[in-house]
Amino acid sequence: MSSDVRVPRDASDLDRPDAAWFWDKLVALLVFVGGISGIVFVIGIFVFITKEGLGFITETMDVGEFFGSVNWRPTSAHRPTYGILALLAGTASVTALATPISVPFSLAAAIYIGEFASGKVRETLKVLVELLAAIPSVVWGFIGFSIMNPMIRDTFDVPVGLCVLNAGIILGLMAAPIMTTIAEDALKAVPDGFREAAEAMGATRWQVVRRVVLPAAKNGLVAAVLLGVGRGFGETMAVLMASGHSINVPTSPFDSVRALTATIAAELGETVSGSDHYRVLFTLGILLFAVTFVINLTADVVVRGRRRKRRA
Amino acid sequence: MSSMFQRTALNARNEQRERMVRAVFGLMTVLLVLPVLIILGLLVLRGGPALSIEFLFSEPEKGMTAGGILPALVGTIWLVAVSLVASVPIGIAAALYLSEYAKDNWLTRAINLAIINLAGVPSIVHALFGVGAFVLFFGFGTSILAASLTLAVMALPVVIVATRESLQAVPMAFREACWNMGATRWQTIRKVVLPNSISGILTGIILEVSRTAGETAPIMFTGAAFFLPFLPNTVMDQTMALSLHLYVVTTQVPNVPEHLPYGVALVLILIVLILNATSIAFRTWLRGRKKW
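First to last, the protein sequences are chains A and B. Residue numbering for the first sequence follows my numbering, beginning at 41 and increasing consecutively. Residue numbering for the second sequence follows my numbering, beginning at 14 and increasing consecutively.
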């Protein structure tokens, strides 16, 4: 018997760890570390922005002024004030205008692509929506600043075209492809058997969609809208460039506003690390993080509810 | 008997409604994608004349009101490359864990939720994280390294989701056949799962490159500079970047001739769209070639 062939003497010899066994364990460990990295980073984001911003909350912040005042004057030498009401109004007005633009169009597009279109038309539309989603936000901002701005100025005869309307339309266009993609996934998750059963009863395609597919996909569609709104709420560069960036509680769509996100982007570069102004910008970051976290969590719970019901 | 299959008034009404709904929804879909085509057309029309080999390969001049975009282009390549080095291994490991190892328990749910959150956190919050963690805490200063790591964290969900999808597309029977031959989990992954999903993973990485190249907010305070007269030499240098350059020449520099920002925007959007189109074409080709 040649010596390089390992012959097991008994069963316990077969269980002896070899190189392959050690590699397997090592990789399992490495992959596990990679797996929990997502959790580590989310906690890391929270910890590091809190670390920089907490000083403001505990020392300087006057809660009533912070949420109740429209005076955002962090650089005032005399007496700086940190009221974010106007910034909240800016973010809210732009998001509020973007939502009625993006929701009907993306739901209609998702239904058309998912349920009505077929073959080449469907593939082409899907690719176009995907490319639409890929356009960087700074390019959207540029479009708002250089193309939409003169367009709004001329059409409505207003002095400046950088306003709620401009940023709202840009944000609506940006959020639409994301909503469309997620909504289409939600429609795809409805089993074909549901559609076939309805069609066998003689229902037209629209009847199938309205009476069967939409009710079954309801939660997924709600999640799609939520995630799209969340994306718009957190959008930075496009809003910074298209909204006019002046502190205002808007009374008309042609008023310039300033958003929470844009404020951080525009001012962080001018602040001294550790100053009140620097810390308050991180506090705004904590606020943004908290709101998007809640939106994402809600969307997840809504989708999960659907899945549980399906299984039962 | 024959009357049973005759078209009733109800049928007619339903068919008419069907046609109407189809037309309205189709029109809305077209209206959704139409602005993009118009905008692209405008960018090409107004930015096209600015494009030239010289524009791509020369330095900005006269306070960025003339000249080319070379330092911004090179800077974007640096940022994307370094962030790939960081995010691709971690992303693939995470996807392998979720697809090949994870059980359906609370930890897996928490990981999935964390990934959704990571993708949903506003880009400016990622920027704040980059400043707090990489620039200050780890002491990288404002550098390519700090900016790229910030981008890497931000792009992580893109790699994870794309990789997980292509791993899960490998049929379970492939793995079972391999396990039955006595292979370990890792041997199965290396010899069976990865070779069968590598193209899908590449598609995801191309998407990540496109996403990273266009990001602006996360690099503004972590390593990208408004203007630098030299090209970066190491990852500890600051750099210009194409996306930030577009913001700067559009809003921060006075007296820029109109064609210049259009030219920068066109270059940026062409890079992003070409990368995305490559990824889509690659995916379509793969689907056609699939043997199972």
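Backbone N, C-alpha and C fix where the C-beta goes; we use that ideal spot for every residue, glycine too. From a predicted model like this one, the values you see are computed outputs, not experimental measurements.
Judged by their CB atoms, Leu-281 (chain B) and Ser-256 (chain B) are nearer to each other than the 8 Å cut-off. For Pro-57 (chain A), there is no enclosing alpha helix (DSSP H), since its DSSP letter is neither H nor E. Annotation: the continuous alpha helix (DSSP H) that includes Leu-69 (chain B) extends over 66-69.
The Cβ atoms of Val-46 (chain B) and Leu-168 (chain A) sit closer than 8 Å to each other. Among the bridge pairs identified by DSSP, Arg-113 (chain A) is matched with A:Thr-121. CA-to-CA, the gap between Val-277 (chain B) and Thr-235 (chain B) works out to about 22 Å.
Looking at the DSSP output, Thr-252 (chain B) sits in a beta bridge with B:Ala-237. Proximity to Leu-58 (chain B) across A:Asp-64, A:Ile-187, A:Arg-162 peaks at A:Ile-187, based on C-alpha coordinates.
The beta carbon of Glu-105 (chain A) sits closer than 6 Å to the beta carbons of Gly-123 from its chain, once the five residues preceding and following it are set aside; these are given in chain order. Nearest C-alpha to Val-172 (chain B) among A:Gly-78, A:Pro-176, A:Thr-323: A:Gly-78.
Shortest Cα-Cα distance from Leu-56 (chain B) to any of A:Val-82, A:Thr-90, A:Ile-183, A:Ile-335 involves A:Ile-183. Per DSSP, reduced to three states, the secondary structure at Val-179 (chain A) is helical. Contact of Asp-64 (chain A) with chain B by beta-carbon distance below 8 Å involves Thr-197, Arg-198, Trp-199, Gln-200. According to DSSP, residue pairing for Gly-80 (chain B) in a beta bridge involves B:Pro-73. About 22 Å separates the CB atoms of Gly-268 (chain A) and Ile-304 (chain A); that is not less than 8 Å, and the two are not in contact. Taking a Cβ-Cβ cut-off of 8 Å, Thr-78 (chain B) has no neighbours in chain A, whose nearest Cβ is about 16 Å from it. Taking a C-beta cut-off of 7 Å against chain B, the contacting residues of the segment 284-311 of chain A are Thr-301, Ile-304, Ala-305, Leu-308, Gly-309, listed in chain order.
Under a 10 Å Cβ-count criterion, Arg-177 (chain B) is classified as buried, with 16 or more other Cβ atoms of the shown protein chains found around its own Cβ.
Each residue's CA atom was taken as its position, placing Val-230 (chain A) and Ala-257 (chain A) some 6 Å apart. Three or more Cβ pairs closer than 8 Å define a contact, and the segment 235-248 of chain A falls short of that threshold against the segment 189-203 of chain A. Taking all protein chains shown into account, Trp-246 (chain A) has 16 or more neighbouring C-beta atoms within 10 Å of its C-beta and is therefore buried. Gly-60 (chain B) places its beta carbon 8 Å or farther from that of His-258 (chain B). Taking the C-beta atoms as reference points, Ala-226 (chain A) is found no nearer than 8 Å to Gly-270 (chain A). Taking 7 Å as the upper bound on Cβ-Cβ separation, chain A lies near residues Glu-28, Arg-30, Glu-31, Val-34, Arg-35, Phe-38, Gly-39, Met-41, Thr-42, Leu-44, Leu-45, Val-46, Pro-48, Val-49 of the segment 28-51 of chain B. C-alpha of Val-262 (chain A) to C-alpha of Leu-328 (chain A): approximately 21 Å in a straight line. With three or more CB-CB distances shorter than 8 Å, the segment 196-206 of chain B counts as touching the segment 61-73 of chain A. Linking Asp-232 (chain A) to Leu-283 (chain B) through their CA atoms gives a straight-line distance of about 38 Å. Contact with chain B is absent for Thr-100 (chain A), since none of that chain's Cβ atoms lies less than 8 Å from the residue's Cβ. Nearest to Ile-175 (chain A) by C-alpha distance, out of B:Val-138, B:Pro-48, B:Phe-243, B:Ala-238, is B:Pro-48.
By the neighbour-count definition (other C-beta atoms within 10 Å, threshold 16), Val-98 (chain B) is an exposed residue. Take Phe-153 (chain B), set aside five residues on each side of it, and the residues of its chain with a beta-carbon closer than 8 Å to its own are Phe-147, Ala-159, Leu-162, Met-249, in chain order. In the structure shown, Gly-242 (chain A) adopts coil according to DSSP, grouped into three states.
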